[in-house]
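Data first, discussion second: the structure below is written as structure tokens.
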């Protein structure tokens, strides 16, 4: 860029024309810091005429800069040297004209006419300001042109980037790109004279263009390579198609083999169910377990150990009760009386809930296979029946959960395993109690009064029983069953007696209805799992029951006596079984006398003071253990 003109030696006062400058964008003449405004000529003493001796030499200053004309489109379209030459040619005569005009004005005005000279100076100042405004407008036009060029160059870069991704139209776009680049080059050459600062940027754009052309050439080579790879890929695709055809043949054979394996798995599953049922029948369709609850903390102070209970170490099925012989009748007197019992399994006080369920889970599995299963707890009040069946109240840790939530969880897990074999299962649960020979729905909302419940047959010629209007709730998880247990427990009839602080005053019956479906083979199976918590037997003189508690005790003992009569009739194979003597036996008719699998868990107290009640419970359990019922049959279609 041309450097601004340097200031020369000081000139005498008078009109001094400033040199004109070329219209170079963004370049303005700078004044040296020490250089201030032109010094006014020293004031001379006036003569008698009013003018000083140096007045004749005073003349108006020449304009600072000659006004430049705006370059038109024709001038802007020339070469780089065109604008410089045109500006210098246009500026030279103007400076001369201003100088001549100033000299004429100075020659015409007398030296004493200071006001006229001041007017000339103002006129020259106005012309200089007009020229300055023209230069400012020209500067703005140049800056606008510079921005337009930058925007066009940025747009060019974006277009080049887009062209790189379009391989199919790369050749044609490169040609148009070269045409546009040549046009931009001409425009840049035309504007080089006005904006010399853009030359470096133009060089950079040229380099970018060369790089773009190089990338375009690389892309062309890549396109050729891609064509070769495409041809190779087509060959590979043909080979893959042939391989796919071979795989389809293998798939067809695999499908046939899979269908054969599914058929085999189904036959194995049916065989597993048959063998499982055979094993359960060999173990007995009616079985009896005995559980002795542990001593409570407050009971350990009254009794040390369990001297009257003996568990043979080599026989997990045996239990022995002993007590001193207080009888004085007879010639011989024994030191103690001994009562030996044998059941399918005996659980000492240290047995956990998991130990008990581990023995009954195979029986629970039979319910999933389509066989009706019934498990009920029997024993005196306070012997741990409700804890065994439901767990603690309120629910505690998972290790203390009872047989009902454990059985339901086992069924849910078994249904998930059978889903891989094509079986889909649905579960629904009900919970009722038999209180004073009346049925009560325990799953109704609090305050809701349900209709009267009765036990009826499904059909006049059917032996299957059901309870109309009973609430059935679909369940899918163990947590839902625990919620139902909480809801039922809050509505169950319990009271305090002389033998138990929280004695169950009714028989509770939890029933889970199971429906399985195998869509591929159009097979269906229905069964039920019934878990019964019987109310505890108790003696009136020990319980101290009066009023409502007395009527409850009488009803409980009456229904348990009816259950004993039914068991006796089944053991003796009598032609008439008195199921209708009690609502309890009538409701359990399908579980006791039908083709179901039955398990009775007899619970006894470890206290010596309850020896007589424990002995009666064990005798009743022995009678049940001797009972034989019909062969279990699966309900499958």
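Residue numbers (the working numbering): 1 to 637.
Yeah, the Cβ is synthetic: ideal placement off N, Cα and C, and Gly gets one too.
Values in this document were obtained by computation on a predicted structure and should not be read as measured data.
Q. DSSP state of residue 551, grouped into three classes?
A. helix
Q.
Between the alpha carbons of residue 489 and residue 442, how many angstroms are there, rounded?
A. 8 Å
Q) So, residue 287 versus residue 344, is the Cβ gap smaller than 8 Å? A) yes
Q | Beta-bridge pairing of residue 655 - partner residues as DSSP gives them | A | Nothing about residue 655 can be reported from this structure: the residues present for the chain run from 1 to 637 only.
Q.
In chain order, what are the residue ranges of uninterrupted beta strand (DSSP E) at least 3 long that sit wholly in the stretch 411-436?
A. 423-435
Q.
Below 8 Å on the Cβ atoms is my contact criterion, and I expect residue 537 with residue 380 to pass it. Report the Cβ-Cβ distance as a whole number of Å.
A. 5 Å
Q.
Helix, strand or coil, according to DSSP, for residue 511 in the structure here?
A. strand
Q. My guess is that residue 429 and residue 510 are in contact by the Cβ rule of under 8 Å, so how many angstroms apart are they, rounded?
A. 7 Å
Q: Assuming residue 415 and residue 368 form a contact by the criterion Cβ under 8 Å, report the distance between their Cβ atoms to the nearest whole angstrom.
A: At roughly 7 Å, the Cβ-Cβ gap stays under 8 Å, so residue 415 and residue 368 are in contact.
Q.
I need the straight-line Cα distance from residue 506 to residue 610, nearest angstrom please.
A. Their Cα atoms are separated by approximately 21 Å.
Q. Where does residue 607 land, buried or exposed, given buried means 16+ other C-beta within 10 angstroms?
A. buried
Q: Within its chain, find whatever has a CB closer than 7 Å to the CB of residue 564; leave out the 5 residues flanking it on each side and keep chain order.
A: 620
Q. Tell me, which residues are paired with residue 516 by DSSP?
A. 425, 525
Q.
I believe residue 566 touches residue 599 by the beta-carbon criterion, under 8 Å. Please report the beta-carbon distance rounded to the nearest angstrom.
A. At roughly 16 Å, the Cβ-Cβ gap does not stay under 8 Å, so residue 566 and residue 599 are not in contact.
(Q) Is residue 168 close to chain C? Criterion is C-beta to C-beta, closer than 8 Å. (A) The structure shown contains no chain C, having only a single protein chain.
Q) With a Cβ-Cβ cutoff of 8 Å, do residue 337 and residue 317 count as a contact? A) Taking 8 Å as the Cβ cut-off, residue 337 and residue 317 do not qualify as a contacting pair.
**Q.** Reduced DSSP secondary structure (H/G/I, E/B, other) of residue 380
**A.** strand
Q. Under a three-way DSSP split, which group does residue 338 fall into?
A. strand
Q) Does DSSP put residue 473 in a helix, a strand or coil? A) strand
Q) So does the stretch 180-191 actually touch the stretch 223-239, counting three or more Cβ pairs closer than 8 Å? A) no
Q.
By the three-class DSSP mapping on this structure, what secondary structure does residue 54 have?
A. Bear in mind that the predicted position of residue 54 carries a pLDDT of just 41, short of 50, making it unreliable; the figure below should be weighed with that in mind. Here residue 54 carries a coil assignment [DSSP, helix/strand/coil].
Q | Three-state secondary structure (DSSP) of residue 27 | A | For residue 27, the pLDDT reaches just 39, beneath the cut-off of 50, and the residue's location in the model is therefore unreliable, although a value from the coordinates is still provided. The answer is coil: DSSP assigns residue 27 none of H, G, I, E or B.
Q. What is the residue span of the beta strand (DSSP E) that residue 319 lies within?
A. 318-324 is the extent of the beta strand (DSSP E) around residue 319.
(Q) Beta-carbon within less than 6 Å of residue 181's beta-carbon, same chain only, minus the 5 sequence neighbours each way: which residues are those? (A) Excluding sequence neighbours, residue 181 sits near 209.
Q) Hey, residue 464 and residue 470: beta-carbon distance below 8 Å or not? A) no
Q) In the DSSP assignment, what residue or residues form a beta bridge with residue 310? A) 320
Q: Could you work out which residue in 212, 260, 426, 393 is closest to residue 518 when comparing CA atoms only?
A: 426
Q. So residue 355 is in the alpha helix (DSSP H); what residue range does that whole segment cover?
A. 353-368
Q | Those residues which DSSP pairs with residue 638 across a bridge | A | Limits of the chain in this structure are 1 at one end and 637 at the other, which puts residue 638 out of reach.
Q) If we call anything under 8 Å between Cβ atoms a contact, is residue 357 one with residue 406? A) A contact, by the Cβ cut-off of 8 Å.
(Q) Rounded to the nearest angstrom, what separates residue 120 and residue 114 at their Cα positions? (A) 10 Å
Q | Cross-strand partners of residue 120 (DSSP beta bridge) | A | The partner list for residue 120 (beta bridge, DSSP) is empty, contrary to what the question assumes.
Q: Determine the contact status of residue 158 and residue 173, defining contact as a CB-CB distance below 8 Å.
A: no
Q) How many angstroms separate the CA atom of residue 223 from the CA atom of residue 168? A) 9 Å
(Q) In chain order, what are the residue ranges of uninterrupted alpha helix (DSSP H) at least 4 long that sit wholly in the stretch 209-251? (A) none
Q) What is the DSSP secondary structure of residue 438, counted as helix, strand or coil? A) strand
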